[in-house]
Amino acid sequence: MSHAAVTDKRPSTLRGAHLPKWFAWATAAASLAVAAGIGLAAGLHSKIQWGLIASILFVLGTYLISTKVEGKRQAKDRVATSVVWVAFLLAVVPLVSLVWTTVSRGVKVLDGYFLTHSMGVVADDEVGGGIYHAILGTAEQVGLATLIGAPIGVLTAIYLVEYGRGKLAKSVTFFVDVMTGIPSIVAGLFILSLMLMFDMQPFGFAGSLALAILMMPVVVRSTEEMLKLVPNELREASLALGVPKWRTIIKVVVPTSVGGITTGIMLAVARIAGETAPVLLLVFGGNFINSNPFEGPQQSLPLYIFQQYGAGSTAGYDRAWAASLVLIAIVMILNLAARGIARWKAPKAGR
-7 MSHAAVTDKR PSTLRGAHLP KWFAWATAAA SLAVAAGIGL AAGLHSKIQW GLIASILFVL
53 GTYLISTKVE GKRQAKDRVA TSVVWVAFLL AVVPLVSLVW TTVSRGVKVL DGYFLTHSMG
113 VVADDEVGGG IYHAILGTAE QVGLATLIGA PIGVLTAIYL VEYGRGKLAK SVTFFVDVMT
173 GIPSIVAGLF ILSLMLMFDM QPFGFAGSLA LAILMMPVVV RSTEEMLKLV PNELREASLA
233 LGVPKWRTII KVVVPTSVGG ITTGIMLAVA RIAGETAPVL LLVFGGNFIN SNPFEGPQQS
293 LPLYIFQQYG AGSTAGYDRA WAASLVLIAI VMILNLAARG IARWKAPKAG R
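In the numbering used here, the protein residues as written are -7 to 343.
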């Protein structure tokens, strides 16, 4: 027999033992079974505790079995993958539970009448009423806040990226960072202090001013990152043709990043749409329709949810969950719109 034939029959030493593809699923099932047994034996009634025990057992089991069969190097890789999956599930499970609870409890009173009528003369412990006045108030307050906060945020970001140099730019960046972390109640107190100075009564536009303060740093940060992604070659090419810098920004830089800028604005809108504290301080809410945000108390969805749930009645709970479902739907629509605009305005391949 030739030497080549002997060499071909030798087993490959470059490939060691490998666990089957179903190993992860089997380990997960076994971890769940063992965790359930431990939970029942220890008297743990919370499924969350069972899940945490199963997660720990899954990671440990993956490491021990993989180390025994495949070696420590492959075991570390499997453990890293397992930790990522466990973290993903730990993040998704509460979200799914929240959405399921909101949908299952919110659909009880959610219908056309609920969306097109206000509370009117309906007491908090009585059945009936709707959220039309709250939807109208939220739309006007958030819309006015966007008209104020979005332009200021975008222009500030353009200054920081295109013109910002020296101490002034550093100061602006510092204050933007500070504003990003301030609680919403602080913005409400700031506007409230101005209202007390001028002896003004609660009205919808005051809430819009507080929401605009919360919105601006988010818009600045997102727009700033989008502008930094624009290649400098585009700016240099425009300037080389003799185009002024301000016109280069308007015609080249901003259109190139408009998709990302719009996405940031929409996400900021979704963020302020659920704020309750500033509206509670400045707008006060109400049971009747007020379409004028510049005069008189005005309702909003977050404040409506807070007040109905605080009423402590079954009818109030049902209305609060239904309003929560509407608010989640509005935020989801805004996020989907932001993604659609970003994809629509994204640079096309080959251009």
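Virtual Cβ for every residue (Gly too), placed ideally from N, Cα, C.
> What is the DSSP secondary structure of Q291, reduced to helix, strand or coil?
Replying inline: It is coil, neither helix nor strand.
> Taking DSSP as the reference, what is the three-state secondary structure of F276?
Replying inline: Reduced to three states, the DSSP call for F276 is strand.
> Cα separation between V85 and I45?
Replying inline: Between the alpha carbons of V85 and I45 lies a distance of about 15 Å.
> Between the stretch 208 to 216 and the stretch 167 to 174, are three or more C-beta pairs nearer than 8 Å?
Replying inline: Output reads yes: the stretch 167 to 174 touches the stretch 208 to 216.
>> Do S176 and L136 count as a contact pair if the criterion is CB distance below 7 Å?
In response: No.
> Beta carbon of I281, beta carbon of E154: below 7 Å?
Replying inline: Note that the C-beta distance between I281 and E154 is not below 7 Å.
> By how many angstroms is the C-alpha of L221 removed from the C-alpha of E228?
Replying inline: Cα-Cα distance, rounded: 15 Å.
>> Going by DSSP in three states, K349 sits in which element: helix, strand or coil?
In response: Nothing can be reported for residue 349, as the shown portion of the chain is limited to -7 through 343.
>> Distance check for L203 and E267, CA to CA, integer angstroms please.
In response: Whole-angstrom Cα-Cα distance: 8 Å.
> Counting only runs that start and end within the stretch 141 to 216, where is the alpha helix (DSSP H) found for 4 or more residues in a row?
Replying inline: With a minimum length of 4 residues, the continuous alpha helix (DSSP H) runs that stay inside the stretch 141 to 216 are 158 to 173, 176 to 189.
> So which of L219, L326, L49, P285 has the shortest CA-CA distance to I264?
Replying inline: Out of L219, L326, L49, P285, the CA that lies nearest to the CA of I264 is found in L326.
> Looking at C-beta atoms only, is the number of pairs between the stretch 16 to 30 and the stretch 50 to 62 that lie closer than 8 Å three or more?
Replying inline: Look at the beta carbons and you see the stretch 16 to 30 touching the stretch 50 to 62: at least three pairs across the two are nearer than 8 Å.
>> Just to confirm before moving on: does the CB-CB distance between F197 and P285 stay below 7 Å?
In response: Inclusion of F197 and P285 in the CB contact set at 7 Å is warranted, their separation being smaller than that value.
> From this set, L274, V114, L11, H109, which residue's C-alpha is nearest G180's C-alpha?
Replying inline: If we check each option's Cα against that of G180, L274 comes out closest.
> Alpha carbon to alpha carbon, what distance is there between F276 and Q193?
Replying inline: When rounded, the distance between both Cα atoms is 10 Å.
>> For G29 and L317, I'd like the C-alpha separation in whole angstroms.
In response: Cα-Cα distance, rounded: 36 Å.
> Secondary structure at P236, three-state DSSP: helix, strand or coil?
Replying inline: The DSSP-derived three-state label of P236 is coil.
> Taking contact to mean at least 3 C-beta pairs separated by less than 8 Å, is the stretch 114 to 122 in contact with the stretch 304 to 311?
Replying inline: By the Cβ criterion, the stretch 114 to 122 is in contact with the stretch 304 to 311, since at least three pairs of Cβ atoms, one from each stretch, lie closer than 8 Å.
>> Measuring straight from C-alpha to C-alpha, what distance separates P12 and V61?
In response: Computed Cα separation, rounded: 11 Å.
> Considering only C-alpha positions, which residue in the set E287, H125, K100, S96 is nearest to T108?
Replying inline: Comparing Cα positions, the closest option is H125.
> Just checking my contact of L219 with V235 at CB under 8 Å: how many whole Å lie between their CB atoms?
Replying inline: The Cβ separation is near 17 Å, so there is no contact.
>> According to DSSP, simplified to helix, strand and coil, what is D69?
In response: Reduced to three states, the DSSP call for D69 is helix.
> Whose C-beta lies closer than 8 Å to the C-beta of I123 among residues of the same chain, with five residues either side of it excluded?
Replying inline: Cβ neighbours of I123 beyond the five flanking positions: F106, L107, S110, L293, Y296, R311, A314, A315, V318.
>> Can you find the residues in the same chain that come closer than 7 Å, C-beta to C-beta, to T94, ignoring five residues on each side of it along the sequence?
In response: Around T94: W313, S316, L317, I320.
>> Less than 6 Å between C-beta atoms, sequence neighbours within five positions excluded: which residues of the same chain meet that for Q344?
In response: This structure does not reach residue 344, given that the chain is present from -7 up to 343, and the question cannot be answered.
> On the premise that A329 lies in contact with M258, defined as a C-beta separation below 8 Å, what is that separation, rounded to the nearest angstrom?
Replying inline: Between A329 and M258 the Cβ distance is about 6 Å, and since that is below 8 Å, they are a contact.
> Along the chain, where does the alpha helix (DSSP H) that runs through A33 open and close?
Replying inline: Where A33 is concerned, the enclosing alpha helix (DSSP H) starts and stops at 15 to 34.
>> Helix, strand or coil, according to DSSP, for S38 in the structure here?
In response: Note: S38 maps to coil in three-state DSSP.
>> Since V261 and V134 should fall inside the 8 Å C-beta cutoff, what is the C-beta to C-beta distance between them, to a whole number of angstroms?
In response: Contact check for V261 and V134: beta-carbon distance about 6 Å, within the 8 Å limit, so the pair qualifies.
>> Would V250 and K159 qualify as a contact pair, given that the criterion is a beta-carbon distance under 7 Å?
In response: In this structure, V250 lies away from K159, with their beta-carbon atoms at least 7 Å apart.
> Residues in its own chain within less than 6 Å of Q300 by CB, not counting five upstream and five downstream?
Replying inline: Non-local beta-carbon contacts of Q300 in its own chain, meaning distances under 6 Å to residues more than five positions away in sequence, involve G308, R311, A312 in chain order.
> Smallest Cα separation from L184: which of N224, V271, S230?
Replying inline: Among N224, V271, S230, the Cα nearest to that of L184 belongs to V271.
> Which word fits G35, buried or exposed, when buried means at least 16 other C-beta atoms lie within 10 angstroms of its C-beta?
Replying inline: Counting C-beta atoms within 10 angstroms of its own C-beta, G35 has fewer than 16 neighbours from the protein chains shown and is therefore classed as exposed.
> With distances taken from CA atoms, which of V99, V178, E217, E132 is nearest V146?
Replying inline: Considering only alpha carbons, the answer is E217.
>> Please identify the residue among K243, H10, T215, R239 whose C-alpha is closest to the C-alpha of K64.
In response: The option with the nearest alpha carbon to K64 is H10.
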